[in-house]
Amino acid sequence: MLTYSFKRVVQLLVTVLGVVTLVFFTMRLIPGDPISAMAGDNLSGAALDRMRSQMGLNDPLLVQYLAYLARLAVLDFGNTVTTKLPIIDLIVGALPITVSIAVGTIILTVAIAIPLGTLAAYMAHKGNRVLDNVITGVAMVLDLMPPFWTSLVCLLIFSLTLGWFPASGTVTIDDPVTLLRRVALPVLVLSMAQVATLARITRTAVLEVLNEDYVRTARSMGWSELRVLFRHALKNSALPIVTVIGLSFGNLLNGTVIVEFIFTLPGIGNLLVGGMNSRDYQMVQTLIVFYAMIFVVINFATDLIYRVFDPRVQF
Amino acid sequence: MTFVIPSKLFGVLLSGAVAWTTLACAPALHAAEDKTLVVRFYDDPAGFDPANIFRIENENIAFNIFSGLTTYDSKTGKIIPDLAESWETKDNLTWTFRLRKGVQWQKGYGEFTAADVIYSYKRVLDPQTASPYASELAGIDTMEAPDPYTLIIRLKAPNGGFLHTVANYHQGQIVKKEAVEAAGNQVRWKPVGTGPYALESIDVNSRIVLKRHEGYYKGPAPIATLDFHIIKDDATAAIALRNGEIDVLMRQSKEEQLQILKEAGFKMNHVDNYASSLKVMNLSDPILKDVRVRQAIAHAIDYAAITEAIAPSLQGTATSLLMPWMDVYSKDAPTYGYDPEKAKKLLAEAGYPDGFVLKTLGTSAQGVTEQQQFEIDYLSQVGIKMELELVDTPTFNQRRNKGDFMTASRLLPAINPDMILFSYLHPSNIAPKGLNGARYDNPELTATIEAARAEAEPERRMELYAKAQKIAMTDLPYLPATSSNVFWPSKTEVNGVTINYLAQVNFWEVTK
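Chains as they are written, first to last, in the numbering used here: chain R, 20 to 334; chain W, -10 to 501.
Structure representation (structure tokens):
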């Protein structure tokens, strides 16, 4: 286990270095830079060049890269190029919002998708194709709806017409009631897409094990259908479900970018879009490193959870 | 029978009545004093240091925090006094400003004097500041302050438009040395000015709060707090206004949302023709260097019909580089009505009877706009095949600066007509050095605008500017396509939202 953890930490460092290098150079391959993005229409080339020099953007690329690595090695994430604010402060400020949305979405998704998928599998197993088809069909429709569209529809219905949730307004972690009211709709929107995938995977996984011997044995012992379903069938089909939940974090990080924009939530996705638009190299690099670390950590956590569900898994 | 109230009892009753009245009225008075105006802000703030400020929304905050020697009348766009009570010049070369006495800096930095102006301008000119606006002040030769309330500025060459240079905008905004030094490298987030509002707090990801400056020289503003909420999406912003979450919606750029808000009864505060959108013709292109081709393009497209079809609220037609509200605007410059037959004739004369391929550079962020679709259709009717090349915005700016395009577009927000003519038409400003993206160089026009800038006699100056507009609109290095209107819808109880010709609002004039 210790050797495995060590291997994973090394793997994390290599991944981060690879990501850093890739992002550093690709960002600079894209035409334009922070200065031209900032200035837009109204500045002459001479004025722009003066500003570039002052920001060190005219230094050789390798010099800039090594300087960046040196700072990163001592966990100095630096300031944004355009606003000169400490990036770590911005991330710490934005993180609770994105985590609230992500965790809320995962909870809501699991709460809806797993019972729904299990029910669909059970119905299919029992030969009730109608309900199975209805559940699978609804899941597919939800999956097809793009989040930016469902976001606006949700705003029109739940915010404007019904007045249940605000469309804007400041939100902080210190005010949990407002936070809940503000993240409720984004969580709903993101869950719609996630529910579809997870319900389908759950259905397939549960359906597969429903014909296994141990399920038949459990039934023959006279246990209730619910106990058979959730205690035996679901637990033994957990591996693909856990994998999908782990992977769905990746989709979630994409999804939060859209919902944070439309619902005006100051989270990490919002920082990333702002950083990309202003070609803020420093900001985008740091955020990508941050995202890469989240991915690696989640993959690691998913592996560990495998063992909870299946003790045969060896590290 | 006479009922006499003992004097003591009367005193008690009276003081009780006064106390009751005071208490009863207290909330009303309190409310009047502590009103908050919630305003939509449409992008992440990028800082408010006048020397390095960008983008209209940030400039709007700075406009209310800082002051200049002069400023702009919100309704007419005319130059009016601000920190300078009056000024005089005989030759457009030496300018003497008499400064207002008793003007207080925000955050307790004391009284404003001429030394603050000299510091501010020198700071912009200092290469260390790397201000993109340094060239605006580069014409200053010397500055002196014989006393704290008099400032004499001598220029290297006469400049009749100098009052625009020192206005409450970019390089003209006056900062306080001690505040700048105390802020260090965070100066863009710690602005201290003499304007009606001071920055109270900022969360760069969500909110900017301004508090009124009680010591403002015109008196405290009616609204105590300006609470700017960052709402980037236009549709969300409209819903927030309809929900009552915000009072004023800074800049609604979607025509359909404007119609919804209008029908819902909101106040549609707007300024028309604040900027002109130009089709930049690259004169180094072998086809476009022929003036007949440029004129043919102008005659081939019916911009009046296009704006009416696409966004009648947000756009109007533009017929000149200068806007009709500018004091030196001339009606005598040539205009180009929709006339496809004339366009075909001009093309034939230029040697393109079967037309040619007109490559147009655009941004992928905007995509293929409805306006471009109409242009493609109109131009095809005279034989010109318009092809679009869409690139990302920084690439667009880079290629436009390098001259790697045939035609491109540019929005021209400016309030100083002299700046427009010099920046866009003077050969010393040919891109990438300056904003003359068309690479236009006509010695007659150059001499005319130089003479106009130096001319002290108003009538003669007007004549020269009229001549410059005539030449520019004949040569047509830039085709004025449309003009932009800016809307800030608000609740009906909000008054005084007057958008000036820099698309800014002076919140000192706003009440609720």
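Cβ atoms here follow ideal geometry from the backbone N, Cα and C, with glycine treated the same way.
It should be emphasised that the depicted structure is a prediction, and the values quoted were computed from it without experimental measurement.
Mind listing the chain W neighbours of residue i? Cutoff is C-beta to C-beta under 9 Å, in chain order.
i: Pro185(R); result: Ala229, Asn232 and Glu234
i: Pro285(R); result: Asp192, Val193, Asn194, Ser195, Arg196 and Ile219
i: Phe282(R); result: Asp222 and Thr225
Using a C-beta to C-beta distance shorter than 7 Å, which residues of chain R count as neighbours of residue i?
i: Arg450(W); result: Within chain R, no residue comes near Arg450(W); the closest Cβ sits about 25 Å away, beyond 7 Å.
i: Gly36(W); result: Thr102
At a CB-CB cut-off below 7 Å, which residues of chain W make contact with residue i?
i: Gln73(R); result: Ala119
i: Asn289(R); result: Asn194
i: Phe96(R); result: By Cβ distance, chain W contributes nothing, its closest Cβ being about 16 Å from Phe96(R), past 7 Å.
Which same chain residues, not among the five before or five after residue i, have their C-beta less than 7 Å away from its C-beta?
i: Pro313(W); result: Asn262
i: Ala8(W); result: For Ala8(W), the predicted structure reports a pLDDT of 42, less than 50, and the residue's modelled location is therefore unreliable. A value from the coordinates is still provided. Correct list: empty, nothing qualifies.
i: Val28(R); result: none
i: Glu359(W); result: Ile299
i: Thr34(R); result: Ala311 and Val315
i: Lys254(R); result: Phe328
i: Asp273(R); result: For the record, residue 273(R) in the displayed sequence is Asn; it is not Asp. Hits under 7 Å: none found.
Residue i: buried (16+ other C-beta within 10 angstroms of its C-beta) or exposed?
i: Met240(R); result: exposed
i: Asp329(R); result: exposed
i: Arg450(W); result: buried
i: Ala13(W); result: Confidence is the limiting factor: at Ala13(W) the pLDDT is only 40, short of 50, which leaves the residue's position unreliable and the question unanswerable from this model.
i: Arg235(R); result: exposed
i: Arg399(W); result: buried
i: Ser268(W); result: Note on identity: in this sequence residue 268(W) is Lys, with Ser being the wrong assignment. Lys268(W) is buried by the Cβ-count criterion.
i: Ser(-4)(W); result: Caution applies to Ser(-4)(W), whose pLDDT of 42 falls short of 50 and renders its modelled position unreliable; the model cannot decide the point.
i: Asn230(R); result: exposed
i: Lys456(W); result: buried
i: Val248(W); result: First, the residue type needs correcting, since residue 248(W) is Gln and not Val in the sequence shown. Exposed.
i: Asn174(W); result: exposed
i: Arg222(R); result: buried
i: Glu510(W); result: Past the boundaries of the shown model lies residue 510(W); chain W is included only from -10 to 501, so the question cannot be answered.
Closer than 8 Å by C-beta to residue i: which residues in its own chain qualify, once you throw out the five before and the five after it? Chain order, please.
i: Lys24(W); result: Pro211, Ile212, Ala213, Thr214 and Lys501
i: Leu161(R); result: Met211, Ala212, Val214 and Ala215
i: Thr262(R); result: Thr321
i: Ala171(W); result: Lys179
Any beta carbon of chain R sitting closer than 7 Å to that of residue i?
i: Ala224(W); result: yes
i: Lys221(W); result: yes
i: Asn218(W); result: As written in the sequence, residue 218(W) is His, which differs from the Asn given in the question. Closer than 7 Å to some Cβ of chain R, the Cβ of His218(W) qualifies, so yes.
i: Asp115(W); result: no
In chain R, what lies closer than 9 Å to residue i by C-beta?
i: Gln175(W); result: Lys103 and Leu104
Quick one: which chain R residues come within Cβ less than 8 Å of residue i?
i: Arg196(W); result: Thr189
If I measure Cβ to Cβ from residue i and keep anything under 6 Å in the same chain, skipping five residues before and after, which residues do I get?
i: Tyr490(W); result: Gly66, Tyr263 and Ile404
i: Lys243(W); result: Asp223
i: Leu379(W); result: Gly351 and Ser353
i: Asp38(W); result: Val176 and Arg177
i: Ile50(W); result: Phe37
i: Phe86(W); result: Leu58, Ala73, Trp76 and Leu140
i: Ala492(W); result: Ile45, Tyr263 and Val475
i: Pro421(W); result: Asn390
Hey, is residue i close to the ligand FMN, as in C-beta under 6 Å from one of its heavy atoms?
i: Ser473(W); result: Absent from the structure shown: the ligand FMN. Ligands present: none.
I want to see whether chain W comes within less than 7 Å of residue i, judged by CB atoms only; does it?
i: Met70(R); result: yes
i: Phe167(R); result: no
i: Gly293(R); result: yes
i: Leu179(R); result: yes
i: Leu171(R); result: yes
Please list, in chain order, the chain W residues whose beta carbon lies closer than 8 Å to that of residue i.
i: Leu174(R); result: Ala224, Thr225 and Ile228
Residue i CB to nearest chain B CB: under 7 Å?
i: Lys221(W); result: In the displayed structure, chain B is absent; the protein chains listed are R and W.
Can you give me, in chain order, the residues of the segment 104 to 123 of chain R that have a beta carbon less than 9 Å from any beta carbon in chain W? Leu104, Leu109, Gly112, Ala113 and Ile116
Contact set between the segment 20 to 49 of chain R and chain W, restricted to residues whose Cβ is under 7 Å from the partner: none
Using Cβ-Cβ distances below 9 Å, what residues of the segment 30 to 64 of chain W are close to chain R? Asp32, Asp33, Pro34, Ala35, Gly36, Asn41, Phe43 and Arg44
Which of the residues in the segment 194 to 210 of chain R, read from start to end, lie with their CB under 7 Å from any CB of chain W? none
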